[in-house]
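Okay, so here's the structure we're looking at.
Protein chains: 6
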Amino acid sequence: MTRTPPLPRIVIEPMVRRALAEDFGTAGDLTANLLIPETASAKLYFKSRGTGVVSGLQAAVLTFALVDPSVVFEVHCPDGARVRKGTVIASVEGPVRSLLMAERTALNFMGRMSGIATMTAKFVAKVAAHNVRIAATRKTTPGLRALEKRAVLHGGGHTHRGSLSDAIMVKDNHIALAGGVDKAVKAVMKGADHMAKVSIEVDTVAQFKKVLKHRPDVILLDNMSLDDLRTCVTLNKGKTTLEASGGVNIRTVAAIAATGVDVISVGALTHSAPNFDIGLDA
Amino acid sequence: MTRTPPLPRIVIEPMVRRALAEDFGTAGDLTANLLIPETASAKLYFKSRGTGVVSGLQAAVLTFALVDPSVVFEVHCPDGARVRKGTVIASVEGPVRSLLMAERTALNFMGRMSGIATMTAKFVAKVAAHNVRIAATRKTTPGLRALEKRAVLHGGGHTHRGSLSDAIMVKDNHIALAGGVDKAVKAVMKGADHMAKVSIEVDTVAQFKKVLKHRPDVILLDNMSLDDLRTCVTLNKGKTTLEASGGVNIRTVAAIAATGVDVISVGALTHSAPNFDIGLDA
Amino acid sequence: MTRTPPLPRIVIEPMVRRALAEDFGTAGDLTANLLIPETASAKLYFKSRGTGVVSGLQAAVLTFALVDPSVVFEVHCPDGARVRKGTVIASVEGPVRSLLMAERTALNFMGRMSGIATMTAKFVAKVAAHNVRIAATRKTTPGLRALEKRAVLHGGGHTHRGSLSDAIMVKDNHIALAGGVDKAVKAVMKGADHMAKVSIEVDTVAQFKKVLKHRPDVILLDNMSLDDLRTCVTLNKGKTTLEASGGVNIRTVAAIAATGVDVISVGALTHSAPNFDIGLDA
Amino acid sequence: MTRTPPLPRIVIEPMVRRALAEDFGTAGDLTANLLIPETASAKLYFKSRGTGVVSGLQAAVLTFALVDPSVVFEVHCPDGARVRKGTVIASVEGPVRSLLMAERTALNFMGRMSGIATMTAKFVAKVAAHNVRIAATRKTTPGLRALEKRAVLHGGGHTHRGSLSDAIMVKDNHIALAGGVDKAVKAVMKGADHMAKVSIEVDTVAQFKKVLKHRPDVILLDNMSLDDLRTCVTLNKGKTTLEASGGVNIRTVAAIAATGVDVISVGALTHSAPNFDIGLDA
Amino acid sequence: MTRTPPLPRIVIEPMVRRALAEDFGTAGDLTANLLIPETASAKLYFKSRGTGVVSGLQAAVLTFALVDPSVVFEVHCPDGARVRKGTVIASVEGPVRSLLMAERTALNFMGRMSGIATMTAKFVAKVAAHNVRIAATRKTTPGLRALEKRAVLHGGGHTHRGSLSDAIMVKDNHIALAGGVDKAVKAVMKGADHMAKVSIEVDTVAQFKKVLKHRPDVILLDNMSLDDLRTCVTLNKGKTTLEASGGVNIRTVAAIAATGVDVISVGALTHSAPNFDIGLDA
Amino acid sequence: MTRTPPLPRIVIEPMVRRALAEDFGTAGDLTANLLIPETASAKLYFKSRGTGVVSGLQAAVLTFALVDPSVVFEVHCPDGARVRKGTVIASVEGPVRSLLMAERTALNFMGRMSGIATMTAKFVAKVAAHNVRIAATRKTTPGLRALEKRAVLHGGGHTHRGSLSDAIMVKDNHIALAGGVDKAVKAVMKGADHMAKVSIEVDTVAQFKKVLKHRPDVILLDNMSLDDLRTCVTLNKGKTTLEASGGVNIRTVAAIAATGVDVISVGALTHSAPNFDIGLDA
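This is how it looks when you write it as structure tokens:
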């Protein structure tokens, strides 16, 4: 997988600024103020403490830049790189005070984003034999969606809707309120912006058949059995994109992929990935 | 444990506003716009899909209030309450469009914060037999520290420094740069604000003895063996607060508690708690 | 055309707040401060001074609400309504000072948005005989895209990409840099998120034929002659959505629509619509 | 007319930041991400596609700088310069991805501001034979007043009140509520800050005579006939500044200027100027 | 002097929000959280502890409203009222936790603003026998100008330029750089917006004579002796507004007023007024 | 006293940005625009006009940097330095327009912060013979707490709680609501975060004795007579930190220090320090 280009700085700068503001309070780093001579300078290394995929480096670079532009941040393993225990991911060199003030915030970004990239890579590895994508959902940490979706890309996954205003997804409650699946799908196909894709969620094969006739861009097969998934794939004959979702986990994902669906979306990638452990060592 | 009072709204409002802005883009909810009649109204229920502790309700309440002040949010199980699979945590009633627009953001807050509260409660339960506190660290999600620290309280844990400017923590790199432990501790005891506590991190019993003479408010025993922890507790004789940290997990925490330390701090509470599953059902 | 639901308040509130801040400076309304008794109250009427379509009311309502929550804003003709010279669109009643302070900002929103809705309605009327959509582009006023896209909907038009991250549009410069049209289209079809539509821009019938083979969601026919447009429509046979753009104006739009394209996009709707004149009278 | 100095960056930076945020959403430029090699670099030229006056360059420069500080922006025709079809206004050189991401936002600023400057220059040209100023009003686009007022200067016009707190303008509704013109003017002359100018609006020659006795700094002659304007000029004998306003357009402005008023204010400059067409070409 | 109307809430809300954010950190009020029962409610009274003029109440009202909308704030002595030791200025009633959280911030606003109003009133009293105004300068606390200028009005003083973009003040360094006083004044009179007043600073009677010929709106007599001030007043014969400034203090202001100048501007009003002591008592 | 390191830029940048925005309005510096040639450049000197301690330089440096990065700011006497009348504190060199635009804002920061540092140094000098600290309170200017607390450090003083969430202070009203001093102190000692200090306020020697038994970190002796202070010091025998507060002024502070308390907190340092006069001269 080729590397994903960095996000525009303007998108992540507010995230970094508020993380630093939150950590500095009204006095900055009380400890460093008292102990670290203004002239002390050092070089520290971000080292991986496990096996995984790096992400969040862009936020880490910006964290140090906003704390002290004189700090030199050198990237050894860019976002998307696979690392093992002990791999040096990057180094920072500059005034010790600045390094200490930025350390925690930078690690908080890197740990979370690398955690997401690493979990994604595990899911992707499980389905490597199949022509299927692993995709993230909108179940992201409030305020960090851009970085988290990017972390999924770094892990080899794909994104999904970026927001409620990017594409159309019709779920069961929409259908109920719109007066049935036919009416709902027709209304959506007619009213949708010509640049917005339409996805319809179905729970049963019967619903799937009804919806397929309307040829939406995507049909979302929610919480279906493997048998039902296979039936839908067979019926579909490549007419629309099929996405499976619901209760997907690392043990079930390969079987789901084997049904022949095109996309498997996994909320856990962004809402339940454990931190990836990275240290900042001398 | 009595319930923790809500945070001032002014502290969490910016978090909720940016989460909603992120999810609404420039067009709002394309799907609801096309399908949901302006007059349709409904009552939906937040239901727990597992056993755990509720947190994040305050952010959820604010999410709906900011989307549509006419929505009525009724809390059945407040932040800090223990719930089981199927427990109704809260209900929202109002225009369906507003409910759908706010749903994902509210669940993202509740899922993450309840996940933290639930993991905290598990650690707390493991050490119930001991007079010890489980505390969170500064390893929080960038931009959400206030809510995450509060979630730890809801789970029965305690907080720690809120920021670098709240208290003084001297770690090994500070000591090295300050010219040794004696010089470092002296400098800190002399310079520290009289309202700021001082904590000194030690790795060995030898260091502990050196530091104890200075009587800092807290000594942080980092990555020590159980034997060493016990030795420090014995030497301490209640003179200062002893905090254990480093690689604490749900399997090791009880044994650490049994050594007699006063506080055990756990980064995983805020950086690796999996989402707590909550649904919004009709 | 049914009315478009209002945008979430959270999307437009920052626009209104900065407009008011810009107009109030550090002293508020010097004139009202000196002349209007605190107790004076009045009812004023927004009256149309021409024939057109109303838009921007939502921002106007919020303008008065932010200046003074005690002002009562009554909407007679909602966003999307057609009005004639003299039609009363809405009324505001409350303290005169508040009415005067909010007046200009509210009218600035209403005049611009109603201007866009009105121009859109004129384009829509010109193509009423054809099964074609009039769509806006990203050529919107910096900072006001959400409101301006909404104004296009109020005028009976459609939107388009909301932002660079909503959908994929491949233009000639992308193709050149990607090493030719085949390589570019393949790369995009392979890499695109499954929820993001793909549009490819072509300038000639020859390019169109090449691109059509890849079946992107949309082909954008840029600055083509009517003859070429007709040829593309014939070749397309309904396989993809065809969008015409480039130098469309009120005199040429009907002929373009008659070629059978599906969408005509018009930058002028948002970048060159003259103000729609509305007065606030006693 | 000498060139107007640029606005302080701090005034326009928020405008540019929110325009970019609006256009980047949570993923940045999906298309460039997929197609443009990170190493591709290019030089592109802003070319005028008509005859007019340049404005908005400062915002365009900042747009590119915020997207990518490595982009070199070279100005050939500064803000205020007159250009013809084909004139190269400026060039940008740097990474293609950055150029494409910033392009639309920069052009949106330049097109609108150059449109305003160009319309202003047309009004100014019409009154060149007279000793009169063309001035803008507060009828500006919400959130962009500073740039739009500057565009009027670039076109050879003048500004007016920057905000409600800059100067005092008494209109008919103020007079009515203050208990008549004499009371109103007296109250204002007495209470006004010594650094704030006072302008009184009149509709008739009779009112003009009453107001002139109080010698306000400016008398605004609203919607008067050419005859009445001439009468006021004659009566005034240079005692105060006379400003004509109301329904001024490009066909009537010369005759109004010929009456001898000092200032003609024109809302259309900022609320109805069509976009000035500029392209970004290889 | 009649009371000044309140500032638009939108102008002061950001000031109050950041003051509260600064005081709440990431945990809110640790003390109240631990000690005050959620149900405890109380009524507290703002009492003056000295003789002076009230100001800042509007910010105090908003402080409590933002902390807890259920708090009832009752104003007994509005902004601008004169109070003595023991006077009850206002009361607040509601949940004790909310009262304690808002107390310090509200008092910080009231103490500073009442301090400014009180000092202003003392200067105004000293010049009561003369037809002269006491005016504030731009020497205000960064970020609080709107409130501080308003406090000067509450004390019976007047404001001045609100900002660099409100009016024109030509000082000696401008004159030097512009090539002498004649050139400078001409340039300004020609270029100034017709709604912006022009003030020219002079240090000597000789300069005064030169400048008077140009009839600027205001001549600022900087650091002149009483004799020179009198000479300028005599020469002026009411032609322009004369403002004295420079080293004015409570002991010299009456003598300066007696020279016959129209305005005396005093930086100390906003940069050196001591806090006015107000308590919040049960 | 060694110099305090600068605050992180991210903490003070918002303060400087809003101060400049407030002073620039929508047009920037009208006067400089008209009079100062774009090419004029100069070097100006910040000169002390009295005897005192410098503070606020960091904000001044940032003010010029944000207005024009090409301005060279040279610091001669850093924050914390003692200066006399005529001492050159710093110089700025660059475009005259930029210098004039930034001047007032920079001086407003420097004047206020140096005023605070200077007043603090006077208090510190008065108590030099005693082993006591002078500390600031939370009575700071809304929005400027970080800079003002830093100014106190520059003057040789100490800070205190940075915010309500930094440490615990129990006052009389807390005690009353919590059901007496014993209950209150117990609740606090039990519930307090292990990194948060606890201070208890007492008014009488009797209360002091009750509280001392609980050994809080600090006991605040509020408004006590010198005799009572001495009694408390004697009883305390160094067990806890004793802080005296209430009505401390420059005439009483030495006697209070002589009682043997550890800390004297003085609200006036931040709420009533007069401006320190600094000029910007050629």
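For the record, the sequence lines run as chains Y, R, D, P, L and V. Mapping the first sequence onto the working numbering, position 141 (from 1) lands on 122, and the numbers just tick up by one. Mapping the second sequence onto the working numbering, position 32 (from 1) lands on 13, and the numbers just tick up by one. Mapping the third sequence onto the working numbering, position 275 (from 1) lands on 256, and the numbers just tick up by one. Mapping the fourth sequence onto the working numbering, position 187 (from 1) lands on 168, and the numbers just tick up by one. Mapping the fifth sequence onto the working numbering, position 33 (from 1) lands on 14, and the numbers just tick up by one. Mapping the sixth sequence onto the working numbering, position 236 (from 1) lands on 217, and the numbers just tick up by one. Don't be surprised by glycine CBs; every beta carbon is placed ideally from N, CA and C.
Q: Mind listing the chain B neighbours of Thr101/V? Cutoff is C-beta to C-beta under 7 angstroms, in chain order.
A: Among the protein chains of the structure shown, namely Y, R, D, P, L and V, there is no chain B.
Q.
Below 8 angstroms on the Cβ atoms is my contact criterion, and I expect His141/L with Ala116/L to pass it. Report the Cβ-Cβ distance as a whole number of Å.
A. 5 angstroms
Q) Closest by CA to Leu43/Y, which one among Gly124/Y, Lys191/Y, Pro(-13)/Y? A) Pro(-13)/Y
Q. Along chain Y, in chain order, which residues have C-beta atoms closer than 8 angstroms to that of Ser144/V?
A. Gly6, Thr7
Q) On the three-state DSSP scale, how would you describe Asp60/Y? A) coil
Q. From Val247/D to Ala13/P, what distance separates their C-alpha atoms?
A. 23 angstroms
(Q) Short of 6 angstroms in beta carbon distance, which residues of its chain neighbour Gly136/D, apart from the five on each side in sequence? Order them along the chain. (A) Val34, Ala98, Thr101, Ala102
Q: Going by DSSP, name the residue or residues bridged to Val53/L.
A: Glu74/L
Q | Minimum Cβ-Cβ distance from Arg114/P to chain L less than 9 angstroms | A | yes
Q) Along chain L, which residues have their Cβ under 8 angstroms away from the Cβ of His155/V? A) Thr12, Ala13, Leu16, Ile17, Leu81
Q. If we count Cβ pairs, one from each stretch, closer than 8 angstroms, do we get three or more for the stretch 220 to 229 of chain Y versus the stretch 87 to 96 of chain Y?
A. no
**Q.** Three or more C-beta pairs below 8 angstroms linking the stretch 14 to 30 of chain R and the stretch 23 to 38 of chain L
**A.** no
Q) What are the complete alpha helix (DSSP H) segments, minimum 4 residues, inside the stretch 224 to 261 of chain D? A) 234 to 239, 249 to 252
Q: Classify Lys164/P as helix, strand or coil using the three-state DSSP reduction.
A: helix
Q: Using a Cβ cut-off of 9 angstroms, pull out every chain P residue sitting near Leu(-12)/Y, in sequence order please.
A: Phe5, Thr7, Ala8, Gly9
(Q) Give me, in chain order, the residues of the same chain whose beta-carbon lies closer than 8 angstroms to that of Ser79/V; leave out the 5 immediate sequence neighbours on both sides. (A) Phe45, Val48, Asp49, Ser51, Val52
(Q) Tell me the DSSP secondary structure of Arg(-2)/Y in three-state form. (A) helix
Q.
Counting only Cβ pairs nearer than 8 angstroms, list the residues of chain R close to Arg(-2)/D.
A. Those within 8 angstroms of Arg(-2)/D in chain R number zero; the least Cβ separation is about 12 angstroms.
(Q) Considering just the uninterrupted stretch of the alpha helix (DSSP H) at Asp10/D, what are its terminal residues? (A) Careful: Asp10/D lies outside any alpha helix (DSSP H) and carries neither H nor E.
Q | Alpha carbon of Pro59/R to alpha carbon of Ile(-9)/R, nearest angstrom | A | 20 angstroms
Q) For the alpha helix (DSSP H) that Arg126/Y lies in, which residues bound it at each end? A) 126 to 135
Q | Within chain R, partners of Glu84/V - CB distance below 8 angstroms | A | Simply none; closest approach about 31 angstroms.
(Q) Please list, in chain order, the chain Y residues whose beta carbon lies closer than 8 angstroms to that of Glu224/D. (A) His175
Q: Would you mind reading off the limits of the alpha helix (DSSP H) that contains Ile156/P?
A: 153 to 159
Q.
Going by DSSP, what residue range makes up the beta strand (DSSP E) through Lys28/V?
A. 22 to 29
Q) With distances taken from CA atoms, which of Gly160/L, Ala132/L, Arg(-2)/L, Val77/L is nearest Gly61/L? A) Ala132/L
**Q.** Ala41/D: first and last residue of the uninterrupted beta strand (DSSP E) it sits in
**A.** Counting along the chain, Ala41/D falls outside any beta strand (DSSP E), though it belongs to the alpha helix (DSSP H) covering 38 to 48.
**Q.** Close-in-space but distant-in-sequence residues of the same chain around Arg(-2)/P (CB under 8 angstroms, 5 per side omitted)
**A.** Leu47
Q: Answer yes or no: does any C-beta atom of chain V fall closer than 9 angstroms to that of Val48/Y?
A: yes
Q: Give the range of the beta strand (DSSP E) segment to which Leu202/P is assigned.
A: 199 to 203
Q: Mind checking which residues open and close the alpha helix (DSSP H) that includes Ala187/R?
A: 186 to 193
(Q) I'd like to know if the stretch 62 to 82 of chain D and the stretch 197 to 208 of chain D are in contact, where contact means that at least 3 CB-CB pairs between them fall below 8 angstroms. (A) no
(Q) Counting only Cβ pairs nearer than 8 angstroms, list the residues of chain P close to Leu1/V. (A) Pro(-11), Ile(-9)
Q) What did DSSP end up calling Met91/D once you bin it into helix, strand or coil? A) helix
Q) Using the beta-carbon count (16 or more within 10 Å), is Glu3/V buried or exposed? A) buried
Q. Could you give the C-beta distance for Thr68/P and Ser29/P, rounded to a whole number, given that I count them as a contact under 8 angstroms?
A. 4 angstroms
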